[in-house]
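**Student:** Numbered by the UniProt record's numbering, the letters in the sequence shown go through residues 1 to 135 in order.
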Amino acid sequence: MPLTGHCLCKKVTYSAEIDKPLLTAYDHCDDCQRQSGSTYSLVAVVPKASLTINGPTKSWAGVGSSGMAVHRIFCSECGSPIAHDPDVDPEIIALKAGTLDSEIKKTLEPNTEIWTVSKLDFCQEKLANRFDHMP
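(1) Tell me whether the beta-carbon of residue 98 lies closer than 8 Å to the beta-carbon of residue 51.
(2) In the DSSP assignment, what are the bridge partners of residue 72?
(3) Pair every Cβ in the segment 67 to 86 with every Cβ in the segment 5 to 21, then say whether three or more of these pairs are closer than 8 Å.
(4) Mapping DSSP to helix, strand and coil, what is residue 38?
(5) Taking the C-alpha atoms as reference points, what is the distance between residue 110 and residue 25?
Here's what the structure looks like:
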């Protein structure tokens, strides 16, 4: 079953033709905190070649810790973040897992935390795999 999802206004839809994400993680980086307006962003990393996005999107590129661009893709109508696309690893893209269809996101099993160097002190949940930055 492909991973499918949409933005808040449903004008942007997407499908990743895979059975499950390569990685499901809590991303604590400062940029994800700011984009999500929360303590972290739950991401589902998929092969970029498997993903098709339809609808009106915009992107904004910031500079990641690698010195390379990270493109943040969002709906141009409602502003929902859809994914972030790091130039440092052109084979993958990180879907914002909150935008996955409800029945799919309920089955996710995060087992990794990334960017714990930026993790807020009051976030107490600890997962088995933890990395100070993107592994």
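Backbone N, C-alpha and C define an ideal beta-carbon position, used for all residues, glycine too.
**Tutor:** Taking the structure as given:
(1) Taking C-beta atoms as the reference points, residue 98 and residue 51 fail to come closer than 8 Å.
(2) Note: residue 72 sits in a beta bridge opposite 60, 84.
(3) Yes, the segment 67 to 86 touches the segment 5 to 21.
(4) Three-state result, residue 38: coil.
(5) Roughly 5 Å separates the two Cα atoms.
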